[in-house]
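Each remark here refers to the structure printed beneath this line.
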Amino acid sequence: MSAMDRRGFLTRLGALGAVGAAATAGASAFLLGPRAAMADGLPKAFGRKLVNLVFNGAPDFRHLIVPKPATSDTTAYGYYYWKYRSSSHYIDGNKPDTWQSRYDSDYDHVTSIGGVAVPEFGVLKLAGWLKDQIVAGNVAIVSNVKHSENRDHAHSLLMLESGDLTTSAFATDRDGWGGRLADALGGNMFSMTRQRLLFANLPKGSKSQIISARDTRKFGLVKSTATDWKEGSKAVSDRALSSYYAAKRDSIDPSSPHAQFVQTERLLRDFSNAVQSRLGSNAVPAAIAALFSGDSPTLKRNPNFGEEMRNIYDCLACEDLKSAAGAPFGFRVGSVDYGGWDSHKNQRDQIEPQFAEIFGAGGGLDVLHQAVATDMPGALSKLVFTVAGEFGRQLHSNGDRGTDHGRGNYVFVIGDGVKGGIYGDIFPMEEITTKIDGLNAYEAFNRDITGKTAFDRVFGAVGDWVGESDTIGDLVFPNRASSPLEAGVALTRSSLFKSP
Amino acid sequence: MRRSGVRGFGGWVLGAFALANCGKGSAGGPTGTVQDFVCDAPMQDAVSNDTETKTEFTITDAAWDETAVRQVLQVFAFGGLASDAQIQAWADMAPADAIKEMLTFDTVNDKLSPPDPTIAMPLTRANGSMRCLSQLFARNNPDNPIRDKERAGYAIDQWSSPSKTWWMASHVRGLNPVRQRIGLFETNYHMAVSQNAGVTNQQLVTYYDGIMTALARGDAYEDVLRASALTAAIAQQYHHATNVYQNGKFQGNEDFGREYHQLFFGIVGRYDDAYTDAKANYHELVAIPNTAKALTGMSLGTTTETSDQITYGDHDHWQGTLDILEHPIDGNNTKDRIVALSPLAIAMPESLDNLPVRIIRMLADDLLDPESTDVGVQDRVAKVRKLWAGMAKKNLLEFLRKYAISNAFHDAARVKYWTSIERNLLLVNQLDVGNAEAYLDEYSPASFTGSEDVTVFRPAHDVFGGQTGLEAAVTADVFRNAYNRAVDASWSLTRVDETTNGTTIWKKDWTPLVPKDAGGKVRVKATTEWLWQRVFADGLANLGTLERAHLYAILASGTDLAYWIDPSNPTQVYAKADLETSNALKTQVAGAEQALIRLDDPDPKVASDAGYRLSLAVNFMSSLPYMFAQQGVSK
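Protein chains in written order, with this note's numbering: chain A, 1 to 500; chain B, 501 to 1135.
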């Protein structure tokens, strides 16, 4: 890291507040990669894998990515954005100088992606790591993605996670697109969230497995040890339950609603020894541990996201393991989340610290990225993240310094293997040129981003890349070929990834 | 400026409750007795318990049996705390009569949860609200059976007070677990608010008590929802207390303008059976924005203590008629508009379809899905909707009673997956033998539920509710926690006494509860079946060869099956087939059936060990597959 880079890095740390402070204290720990001595036995070769990050609550990604202000040109996009979004930025829409100062002080100005010049746009400075990744050409910003039209959080999440806009509001036990992808890949689905998301659900009859990786450091089932009194309650309960479940596997009716718990016990037990042994000899990298542990975790809003980063790291560390029966660990798809994006009020206070915790320098993804780069560098080019919420938000901010429910939104695809760039019109001019009742989409209330590209296209292409086949995405999204795609946009594994 | 409104739950709408509910609690003093406790906001409202119960779907008297009673109690009362004799008495009654005694919303139900005469606590009807219980449990009197270091945490100014109070109220004998079960549903699922969103203890307790008092009083459901919508808790949660109409402009957010329709009434824009873009657009572009405009001109109390006060004024309130749900809605303030709107909402075809399904799906039937192609599911959906539609006045208690004795509930295709809260409460309510262990929190259900990432009044999905049963079932970590607790923390469920500073402050005594033979003896087989039915309520359908063998071993020997059979080979797995074909194994297991469990042995060590074995059996059962879901029994 050059001196200038380091200064910039530390500046961002400062801007990040809590994240920054904690990261500064331990900066060398994760900047300099001190874990080489602790990383013995970690795998060196990796298969491609997807980790899907759900932002539940409908994130305002147009707060994260903003146009350059146009303070006097009333034909420019940047005029209407800043004038009618002013309250959610806590500035005065009638004072253009506040638009520019806000943009200059709180947004990094991106003018090139992967060395190629692009029209300038802003990325929230608190998301400094994301900005660096965008500039480095490792982020695909897919614009105008079509989400649910009904603006109902719960239902729209089912649609997003199932990858199917026809999913009904009550279909909470159907398959998810992550489960379908794991099935198509012949790998396993790793659920790392507090409550398992529908995204992870496997299709009926799948031979893949859903591995519970909610807390990898407590992976599997507890067993008594030789030091436990053999007639004590712990040893007795351990023997009784493990014996019972071992016997029950062959005798429970598979159609019983209770059969799934017998299956769960087996899954938890399958990899217990191997995972516990591997992780027992490899401590959680200090920088990752600092995200969520102690009295003052770096991620104060949501330490659980730090645990999810730990889980991803640990699952990578177990890449080469096999179960007691010889089955591969099979980490091909992971599921993580970060909630709290329903920003009807006081949007800056609500979502900016969250963007920082996820995308900031010293935030979750940055720390994970650096730890993996240090300990398992072979994994970086094989790991891709998809980031999406259930829908976007309205273009005109509301009267409560927030934004109300909308429809279309951005989706991000992030990874060293991603061919970074803008896919689709990042700020569609039609939003200001098309008028209804004399008002454009910013001037009027209740207008939003028009979805033009189905998420089938985006996630399907990611599936193709993970599966190294142009047909995998079709297995996961059967209607992909006929689904909407914004004019002029190509979303294939060769267009979306550097090494298809 | 004209302002109207009072603190509390719906203000003027439910005036009697609201005006009485003005206390701020008292921690009591170190002197005196807990018996002196007088709540400063005692429950005074009338209760309406008499509802219709019988319908075309009511199961027959013959089909209504002990298992049916227990299944109802599991779903609607966290298992309840009734005696076996009472359960049998209900089973002997006609279901339409029994259910009236079983399911009530008052603060106490002496048959469902009889007071524990061995521990004096003034758990009276008047003291049974969350607000009063918080004050009572926080009393710092020497005779308060709650540990002295824990008492202060119940006081309403303590951050975890509502949660602590709710847990205690849900499993202490002498109150009414149905009230807490429905209170949890309404405040954590259907009309969820979250303390993570800044809802204060005062707001939450007023909200909770207000809802349950209104339901117990027999208010029409739309009136309960209307009053809930008008509370400070909801205004805090959705932040519309700052919505204003000024200078001819609406300023605010439309969050609750949407969720009032969607979450409270099940209206998302379909309105009637046929979906059209025009109706959806009307809902999005007219109804929701106009509902947001109706929610203007209110203000919340400005201090923590007064935060549950809300006033609705005409100043800063939208002027003129608002088109909502295709009706003109007029009013001088938010209250006027919501009062006008709620009867329309509850009568919307979309609400009539969705609301009863959502209620039952969350409470009792995780597979209830109107879009399902399964004819059995379609049949249950149709019955639930018909029960709801059949009530001219929508009354939640009447609906739940009718449903609980219907063949939609008593159906083998119905599955209720337990949430972490439900499962942990079911377990401790069947493990507790009296209030001593409840007050001492010997089994810590809240703590173990927390380890499963679930916290009462901080729902996992914010206004969309807490962990669902289906989520709990598919989240392997929930199973892992339960299993590992039974092994790694087996002590927590198997302990039978507690000694502090050389004094035994609690000793578990199963004796009054356990069935005895004609000679007064407690035997393994009868105890196994009793425990099984008590915890799983399945009519012993799942108590098979394997389960019996394991439980007989534990109860007869205090050890596990393999160790009991051959201590030199304790890891041997005995399959069901082994147990059914090996003469030696059959003989050993059968021989244990009539073995004695010496709870009444004169040697205290023997008696204590016998009690330990029962608790060890419950510990084993706590992570069996049957602990995670209830399957209905067709009647």
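Cβ coordinates follow ideal geometry from the N, Cα and C atoms, glycine included.
Fair warning: this is a prediction, and the values are worked out from it, not measured in the lab.
Three-state class that DSSP yields for residue i in the structure shown
i, result
"MET309 of chain A", "helix"
"SER469 of chain A", "coil"
"GLY378 of chain A", "helix"
"TYR943 of chain B", "coil"
"THR811 of chain B", "strand"
"SER143 of chain A", "strand"
"ALA960 of chain B", "coil"
"GLY525 of chain B", "Note that GLY525 of chain B scores a pLDDT of 42, beneath 50, so its modelled location is shaky and nothing firm can be said."
"MET593 of chain B", "coil"
"GLN261 of chain A", "According to the sequence as given, residue 261 of chain A is Phe; it is not Gln. PHE261 of chain A: helix per DSSP, three-state reduction."
"GLY1044 of chain B", "coil"
"LYS749 of chain B", "strand"
Neighbourhood of residue i by C-beta, 7 angstroms cutoff - its chain only, sequence neighbours within 5 removed
i, result
"ILE860 of chain B", "LEU868, VAL884 and TYR903"
"ARG35 of chain A", "Only weak support exists for where ARG35 of chain A lies, its pLDDT of 45 falling under 50; the value from the coordinates is given anyway. Only PRO285, THR374 and ASP375 meet the Cβ criterion."
"SER548 of chain B", "ARG717 and GLY718"
"THR1011 of chain B", "LEU1099 and ASP1100"
"GLY969 of chain B", "ASP866, LYS916, TYR917, TRP918 and THR919"
Own chain, CB closer than 6 angstroms to residue i, minus 5 neighbours either side, in chain order
i, result
"GLU307 of chain A", "PHE292"
"LEU268 of chain A", "GLY220 and LEU221"
"PRO69 of chain A", "GLY78, TRP82, TRP99, GLN100 and TYR103"
"ASN609 of chain B", "ASN676"
CB-CB length for residue i against residue j, believed under 8 angstroms
i, j, result
"THR298 of chain A", "GLY389 of chain A", "23 angstroms between Cβ atoms; not a contact."
"GLY178 of chain A", "PHE199 of chain A", "4 angstroms"
"ALA946 of chain B", "TRP667 of chain B", "4 angstroms"
"ALA626 of chain B", "PRO542 of chain B", "4 angstroms"
"THR421 of chain A", "ALA140 of chain A", "The sequence shown places Gly at residue 421 of chain A, rather than the Thr named in the question. Confirmed, Cβ separation roughly 6 angstroms."
"GLN703 of chain B", "ASP808 of chain B", "5 angstroms"
"PHE46 of chain A", "GLU319 of chain A", "5 angstroms"
Spatially closest choice to residue i from the options, by CA coordinates
i, options, result
"THR1027 of chain B", "B:THR1003, B:ASN1042, B:LYS1008 and B:ILE1054", "B:ILE1054"
"ARG348 of chain A", "A:PHE385, A:ASP400, A:GLY334 and A:HIS369", "A:ASP400"
"VAL954 of chain B", "B:ASN981, B:GLN930 and B:GLN658", "B:ASN981"
"ARG958 of chain B", "B:GLN586, B:SER661, B:VAL569 and B:ALA655", "B:SER661"
"PHE261 of chain A", "B:LYS1135, B:GLY1132 and B:MET1127", "B:MET1127"
"ILE472 of chain A", "A:ASP464, A:ALA317 and A:ARG214", "A:ASP464"
"VAL881 of chain B", "B:ILE905, B:ARG914, B:GLU898 and B:LEU897", "B:ARG914"
"ASN641 of chain B", "B:CYS632, B:SER629, B:ARG631 and B:MET621", "B:MET621"
"MET403 of chain A", "A:LEU157, A:ARG447 and A:GLU357", "Sequence check: residue 403 of chain A is Thr here, not Met. Nearest option by C-alpha distance: A:ARG447."
"VAL556 of chain A", "A:ALA213, A:ASP470 and A:ALA371", "Shown here, chain A extends from 1 to 500; a query on residue 556 of chain A therefore has no answer."
"GLN350 of chain A", "A:PRO59, A:PHE46, A:ARG48 and A:VAL51", "A:PRO59"
"GLU1047 of chain B", "B:ASN790, B:ALA1077 and B:GLY698", "B:ALA1077"
"ASN895 of chain B", "B:VAL705, B:TYR1112, B:ALA720 and B:ARG1098", "B:ALA720"
"LEU763 of chain B", "B:GLY890, B:LEU730 and B:ALA692", "B:ALA692"
"TYR1074 of chain B", "A:GLU161, A:HIS405, A:ARG249 and A:SER112", "A:ARG249"
"PHE605 of chain B", "B:LYS664, B:THR949, B:ASP988 and B:TYR708", "B:TYR708"
"TYR657 of chain B", "B:LEU993, B:GLN635 and B:ASN1001", "Checking the sequence, you will find Asp at residue 657 of chain B rather than Tyr. Residue B:GLN635 is the option with its Cα nearest to ASP657 of chain B."
"SER156 of chain A", "B:PHE964, B:TRP1030, B:ALA1084 and B:THR560", "B:PHE964"
"GLY417 of chain A", "A:PHE391, A:LEU126, A:LYS382 and A:LYS230", "A:LYS382"
Close beta carbons around residue i, own chain, < 8 angstroms, minus the five adjacent residues each side
i, result
"ILE810 of chain B", "GLY505, ARG507, GLY511, LEU730, THR731, ALA732, ALA735, ALA741, MET798, SER799, LEU800 and GLY801"
Closer than 9 angstroms, Cβ to any Cβ of chain A: which residues of the stretch 956 to 968 of chain B, in chain order?
ALA960, HIS961, ASP962, VAL963, PHE964, GLY965, GLN967 and THR968
Any residues in the stretch 236 to 264 of chain A with a beta carbon nearer than 9 angstroms to a beta carbon of chain B? Which ones, in chain order?
VAL236, SER237, ASP238, ARG239, ALA240, LEU241, SER242, SER243, TYR244, TYR245, ALA246, ALA247, LYS248, ASP250, SER251, ILE252, SER256, PRO257, HIS258, ALA259, GLN260, PHE261, VAL262 and THR264
Got a sec: which bits of the stretch 976 to 1005 of chain B sit with their beta carbon under 7 angstroms from any beta carbon on chain A, in order along the chain?
ALA976, ASP977, PHE979, ARG980, TYR983, ASN984, ALA986, VAL987, ASP988, SER990, TRP991 and THR994
Check each residue of the stretch 749 to 760 of chain B: if its Cβ is closer than 8 angstroms to any Cβ of chain A, include it; give the result in chain order.
LYS749, PHE750, GLN751, GLY752, ASN753, GLU754, ASP755 and ARG758
Using a Cβ-Cβ cutoff of 7 angstroms, what residues of the stretch 1104 to 1122 of chain B are near chain A? List them in chain order.
Of all residues in the stretch 1104 to 1122 of chain B, LEU1116, ASN1119 and PHE1120 have a Cβ within less than 7 angstroms of some Cβ in chain A.
Any residues in the stretch 1064 to 1082 of chain B with a beta carbon nearer than 7 angstroms to a beta carbon of chain A? Which ones, in chain order?
PRO1070, THR1071, VAL1073, TYR1074, ALA1075 and LYS1076
Near-chain B residues of the stretch 166 to 190 of chain A (beta-carbon distance less than 8 angstroms), N- to C-terminal order
SER168, ALA169, PHE170, ALA171, THR172 and ASP173
Any residues in the stretch 321 to 341 of chain A with a beta carbon nearer than 7 angstroms to a beta carbon of chain B? Which ones, in chain order?
For the stretch 321 to 341 of chain A, the set of residues with a beta-carbon nearer than 7 angstroms to any beta-carbon of chain B is empty.
Which residues, in chain order, does the stretch 128 to 157 of chain A contribute to contact with chain B at a C-beta distance below 8 angstroms?
GLU149, ASN150, ARG151, ASP152, HIS153, ALA154 and HIS155
Chain B contacts from the stretch 442 to 472 of chain A (Cβ-Cβ distance under 9 angstroms)
PHE445 and ASN446
The stretch 671 to 701 of chain B: which residues have C-beta closer than 7 angstroms to a C-beta of chain A, in chain order?
Answer in chain order: no residues at all.
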